[in-house]
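In our numbering, the protein residues as written are 512 to 680.
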């Protein structure tokens, strides 16, 4: 006897949800445009800047960088090669598993990432329209939305280190 498989369908989106999605898409578009411009002003690709931002957390295996940025490991190899040639990152053996290479930001890499992050004005103006309490509420709501998806709020960062895609950098 075959079991019927029922597809679970999400309820249709209400008008407010559709508008929120549209507004978030516009904000994301503005952010990505400014992020790419800020990276280019520092002779970095967006993907290179995202790797540097991710490494602010500390050394990380290349496979984990690729997973976090949702791109192919081979793309990360090229991005890291170019960052290493500029003195922004180093590769070192993982002390727990010498077969694994960890990528670590150098002082120059940390400085470049911090400078790029400070230069991002995208959110400052829109967020200035909200008072401290409203910004806190927005932060809490965004965290709750991310938590409901299984993504931690720390998976990317305030500077766009969340999706390099298949961009070559």
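For glycine and all other residues, C-beta sits at the position ideal for the given N, C-alpha and C. Being a predicted model, the structure only gives us computed values, none of them experimental.
### Message
Whole angstroms are fine: how far does the CA of residue 597 sit from the CA of residue 617?
### Response
Straight-line measurement puts the Cα of residue 597 at about 10 Å from the Cα of residue 617.
### Contact the region 538–550 vs the region 603–614: 3+ CB pairs below 8 Å
These segments do not touch.
### Task
Taking 8 Å as the cut-off, decide whether the C-beta atoms of residue 631 and residue 547 are in contact.
No, the Cβ-Cβ distance between residue 631 and residue 547 is not below 8 Å.
### Task
Run the proximity test for residue 566: is its beta-carbon closer than 7 Å to any non-hydrogen atom belonging to the ligand SAH?
With respect to the ligand SAH, the structure offers nothing, as it holds no ligand at all.
### Query
Does the Cβ-Cβ distance between residue 625 and residue 570 come in under 8 Å?
Cβ atoms of residue 625 and residue 570: not closer than 8 Å.
### Query
Can you tell which of 524, 639, 599 and 635 has its C-alpha closest to the C-alpha of residue 561?
Check the Cα spacing between residue 561 and each of 524, 639, 599 and 635: the tightest is with 599.
### Query
Using DSSP with H/G/I as helix, E/B as strand and the rest coil, what is residue 611?
The three-state reading of DSSP puts residue 611 in coil, since its state is none of H, G, I, E or B.
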